[in-house]
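Asker: After the structure tokens below, expect a handful of questions from me.
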Amino acid sequence: MDVQARDAGLGSTGRSAPMAVLIATCVSTLVVNANTSAVSILLPAISADTGTSLETLQWAVTGYSLVGAAVIVTSGALGDVFGRRLVFLGGLALFIASCVLIALSGSGGGVIAGRAIQGAAGATILACGMSLLSVSSSGEGQVRAVTLWGGASAVGAAAGPLLGGVLVDGTG
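Shown next as structure tokens:
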């Protein structure tokens, strides 16, 4: 079995994206992009909960972006070395852990640290997710898979502020 087929979870035959790979990558990119765009709406509520100024909490946005930009190329390279699926799953686990850290944090520093970790995890999910789709399909199937992934990314980014507003209104 070749490395690309192994990473995509395929046997030695077939080149169209398996439904599980397509769903996992599309849902994860939707969640990562929704999370990225929702945080700006959530900052005032986080400020009230933690007693941290909005100016300080702006580092939750900046830290996410800086760490994500620094890690995206490295995570893609790690996927090439250790396997895209393994690194993608590691990114998912790290993203979930960072969400728990942020939710349990009682301070602005914890939120900022959690968001920096989330930036690394989100970059890993995006880089390895796209790579998984690319190697698990070809031709029209690949175009379709990448188009769905891009659509999920756009929907997540657009829905994030709405979901953030619903969260703030519903839970405070």
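1 is the number of the first residue of the sequence shown in my numbering; add one for each residue after it.
All C-beta atoms, glycine included, are put in the ideal place defined by N, C-alpha and C.
1) Check glycine 106 in the structure and name its three-state DSSP category.
2) Excluding the 5 residues preceding and the 5 following glycine 90 in the sequence, name in chain order all residues of the same chain whose CB lies nearer than 8 Å to its CB.
3) How long is the line joining the alpha carbons of tryptophan 59 and isoleucine 112, rounded to whole angstroms?
4) Where does the unbroken alpha helix (DSSP H) through threonine 74 begin, and where does it stop?
5) Taking the Cβ atom as the reference point for each residue, do glycine 114 and isoleucine 102 lie within a distance shorter than 8 Å?
6) Does the distance from the CB of glycine 63 to the CB of glycine 119 come in under 8 Å?
7) Would glycine 170 and isoleucine 41 be called neighbours here (beta carbons separated by less than 8 Å)?
8) From valine 73 to isoleucine 46, what does the alpha carbon distance come to, in whole angstroms?
9) Taking the Cβ atom as the reference point for each residue, do glycine 109 and leucine 57 lie within a distance shorter than 8 Å?
10) Could you spell out the range, first to last residue, of the alpha helix (DSSP H) harbouring serine 138?
11) Put glycine 165 into one of helix, strand or coil per three-state DSSP.
12) Are three or more beta carbon pairs between the stretch 64-83 and the stretch 134-144 nearer than 8 Å?
Answerer: To lay it out plainly:
1) coil
2) Thr124
3) 6 Å
4) 54-82
5) yes
6) yes
7) no
8) 31 Å
9) no
10) Where serine 138 is concerned, there is no enclosing alpha helix (DSSP H), given that its DSSP letter is neither H nor E.
11) helix
12) no
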